[in-house]
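Numbering (full-length UniProt numbering), first residue to last: 1 to 63.
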Amino acid sequence: MNNFKFFRLKYNIRLRKSILNKMLNTLSPNNKFVIIVSQNLDKHIVAYHKKMHAVYRSKLLKH
């Protein structure tokens, strides 16, 4: 189950990153939709880092 969550978070990050890059090619960085996608990407990156940190801490505590 844990691997699936990592896969899903990585997929969401890659998807939103590509969408944001394509949007920035045509739209201004101050555009409302660009800001929303950027904030959503940040949310997924934070969740991914929290998950990675939790795994790291659990491995540290086992040793």
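The C-beta atom is built at its ideal place from N, Cα and C for all residues, glycine as well.
Keep in mind that this is a model prediction, so the values were computed, not measured.
(1) If contact is defined by three or more beta carbon pairs under 8 Å, each pair taking one atom from either stretch, is the region 1–12 in contact with the region 21–38?
(2) Have a look at residue 61 and residue 27 and give me their C-alpha separation to the nearest angstrom.
(3) Quick one: is residue 37 buried, meaning 16 or more other Cβ sit within 10 Å of its Cβ, or exposed?
(4) Where does residue 18 fall in DSSP's three states?
(5) How long is the line joining the alpha carbons of residue 46 and residue 20, rounded to whole angstroms?
In short:
(1) When C-beta atoms of the region 21–38 are compared with those of the region 1–12, fewer than three pairs fall below 8 Å, so the two segments do not count as touching.
(2) Start at 1 with the first residue of the sequence shown, and residue 61 comes out as number 61. Start at 1 with the first residue of the sequence shown, and residue 27 comes out as number 27. Put simply, the backbone Cα of residue 61 is about 47 Å away from that of residue 27.
(3) Position 37 of the sequence shown, counted from the start, is the residue given in the question as residue 37. It is buried - the Cβ of residue 37 has at least 16 other Cβ atoms within 10 Å.
(4) As a working note, residue 18 is residue 18 in the sequence shown. Here residue 18 sits in helix by DSSP.
(5) Residue mapping note: residue 46 aligns to position 46 of the sequence shown, counting from 1. Residue mapping note: residue 20 aligns to position 20 of the sequence shown, counting from 1. In this model, residue 46 and residue 20 are separated by some 17 Å (Cα to Cα).
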